[in-house]
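Everything on this sheet refers to the single structure shown next.
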Amino acid sequence: MFMHENIEIRRLTTMEELYHMQEVEEAVWQAPPTPVHQTYTASYNGGLMLGAYDGEKMIGFQYSFAGFDGKNPYLCSHMLGILPEYRRGGLGVKMKLKQAEIARELGYDMMTWTFDPLESLNAYLNLHKLEGVGASYKVNHYGMMDDGLNKGLPTDRIQIEWWLNEDKNDQRPVFDKGAVLLRMDDRDEPAVTEYFSDEFLDTSQPAWFVAIPEKIQDMKRTNPELAIKWRYETRKVFVELFANGYKATDLIRKDVGSYYCFSRK
Numbered sequence: 001m002f003m004h005e006n007i008e009i010r011r012l013t014t015m016e017e018l019y020h021m022q023e024v025e026e027a028v029w030q031a032p033p034t035p036v037h038q039t040y041t042a043s044y045n046g047g048l049m050l051g052a053y054d055g056e057k058m059i060g061f062q063y064s065f066a067g068f069d070g071k072n073p074y075l076c077s078h079m080l081g082i083l084p085e086y087r088r089g090g091l092g093v094k095m096k097l098k099q100a101e102i103a104r105e106l107g108y109d110m111m112t113w114t115f116d117p118l119e120s121l122n123a124y125l126n127l128h129k130l131e132g133v134g135a136s137y138k139v140n141h142y143g144m145m146d147d148g149l150n151k152g153l154p155t156d157r158i159q160i161e162w163w164l165n166e167d168k169n170d171q172r173p174v175f176d177k178g179a180v181l182l183r184m185d186d187r188d189e190p191a192v193t194e195y196f197s198d199e200f201l202d203t204s205q206p207a208w209f210v211a212i213p214e215k216i217q218d219m220k221r222t223n224p225e226l227a228i229k230w231r232y233e234t235r236k237v238f239v240e241l242f243a244n245g246y247k248a249t250d251l252i253r254k255d256v257g258s259y260y261c262f263s264r265k
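What follows is the structure, encoded as structure tokens:
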């Protein structure tokens, strides 16, 4: 595990810095990067770009822009990318906390972003470590994409809302195997349980749990058909949960895998 004590995280404001950010983005996504004229303009109109540096080398970046829903402004955190060799050790958390610190200084009280619900590391960061809330589900949000991370699966996303000035919840639901809607069977396949038979959902239940694979990218490479099956089976359950007023509030790691916790937050 790489240690991050000497990593510096700072705001990016110059064209030269943003060109370096492009290089990291291209390395992470394996696709053409966001144009510098776009990130530069966003940075001077309510947006925020951050770079993480190991000495003089940029090894991570964060790109966000100003958003507005017709009522309230917020910061839309569009991208966070870290080079593979630096992804362990808590750098993602440190970058998000730095982003939140500057966002408050800019006057924002909420940040929002989307993530792939089958990416367990991202889910753990967003829901467990940062205590964001998965507020809604978007089916094939960006359409089919061909970059290295997204190729091969519909781009379903969970929308995170991270309220910057709210007290955190110290009482999270405890995992209950009797409240699992979707589990992983002995062949690593998704299996809907009797609690979700015929897509019926008992809305009196305070919390439900949904399994996901630990490493979806590995599964995509070794068994793409199974990865697709996980997308469609989890989608069916997630859509029903969100439609019935549940929010994604945690990701719990167990010996047998990871489980989303959905509760009425």
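Residue numbers for the sequence shown, in the UniProt record's numbering: 1 to 265. Glycine is no exception: its CB is placed at the ideal position from the N, C-alpha and C atoms.
Straight-line gap, Ile252 to Tyr74 (C-alpha atoms, nearest Å):
Working through the sequence shown from its first residue, we reach residue 252 at position 252. Working through the sequence shown from its first residue, we reach residue 74 at position 74. C-alpha separation (whole angstroms): 28 Å.
Name the DSSP bridge partner or partners of Gln62?
In the sequence shown, counting from the first residue as 1, residue 62 sits at position 62. Gln62 is bridged to Leu50 and Leu80.
Just verifying my parser: in three-state terms, what is the DSSP assignment at Ala207?
Taking the sequence shown and counting its residues from 1, one reaches residue 207 at position 207. Strand, per DSSP.
Considering only residues of the same chain and omitting the five flanking positions on each side of Tyr124, which have a CB-CB separation below 6 Å?
Here residue 124 refers to the residue found at position 124 of the sequence shown. Excluding sequence neighbours, Tyr124 sits near Leu251.
According to DSSP, simplified to helix, strand and coil, what is Asp156?
Position 156 of the sequence shown, counting from 1, holds the residue named residue 156. In this structure, Asp156 counts as coil in the three-state DSSP scheme.
Kindly list the residues whose CB is nearer than 6 Å to the CB of His20, restricted to its own chain and excluding five residues on each side of it in sequence; keep chain order.
Numbered from its first residue, the sequence shown carries residue 20 at position 20. For His20, same chain residues with a beta-carbon under 6 Å away, outside a window of 5 residues either side, are Met58 in chain order.
Rounded Cβ spacing between Met49 and Leu12 (contact assumed at less than 8 Å)
As a working note, residue 49 is residue 49 in the sequence shown. As a working note, residue 12 is residue 12 in the sequence shown. Their Cβ separation, rounded to whole angstroms, is 4 Å, which keeps Met49 and Leu12 in contact under 8 Å.
Selection from Tyr40, Glu26 and Gln217 that minimises the alpha carbon distance to Met15:
As a working mapping, residue 15 is identified with position 15 in the sequence shown. When only C-alpha atoms are compared, the closest one is Tyr40.
Have a look at Gln217, Lys247, Lys229 and Arg88 and flag the residue whose alpha-carbon is nearest the alpha-carbon of Thr203.
Within the sequence shown, numbered from 1, the residue matching residue 203 stands at position 203. That would be Lys247, whose Cα lies nearest to the Cα of Thr203.
Tell me, to the nearest whole angstrom, how far the beta carbon of residue 277 is from that of Ala191; I am working on the premise that it is less than 8 Å.
Since the first and last residues shown for the chain are 1 and 265, residue 277 lies out of range.
Among the residues of its own chain, which have a CB less than 7 Å from the CB of Val36, if the five just before and after it don't count?
On the sequence shown, position 36 is the one that residue 36 refers to. So the qualifying residues of the chain are Met15, Leu18, Tyr19 and Gln22.
Taking the DSSP output, what are the residues bridged to residue 320?
Residue 320 is absent from the structure shown; the chain starts at 1 and stops at 265.
Please identify the residue among Trp230, Leu130, Glu214 and Phe209 whose C-alpha is closest to the C-alpha of Phe242.
Counting from 1 along the sequence shown, the entry for residue 242 is found at position 242. Comparing Cα-Cα distances from Phe242 to each of Trp230, Leu130, Glu214 and Phe209, the minimum goes to Phe209.
Take Lys168 and list the residues in its own chain whose beta-carbon comes closer than 6 Å to its own, dropping the five residues that flank it on each side.
Your numbering for residue 168 matches position 168 in the sequence shown. Result list for Lys168: Glu131, in chain order.
Would you list the one or two residues that DSSP bridges to Ser258?
Against the sequence shown, residue 258 aligns to sequence position 258. For Ser258, which the question treats as bridged, DSSP gives the partners Ile212 and Arg253.
Do you know offhand how far Thr249's Cα is from Thr114's?
Within the sequence shown, residue 249 is the residue found at index 249, counting from 1. Within the sequence shown, residue 114 is the residue found at index 114, counting from 1. Cα-Cα distance, rounded: 14 Å.
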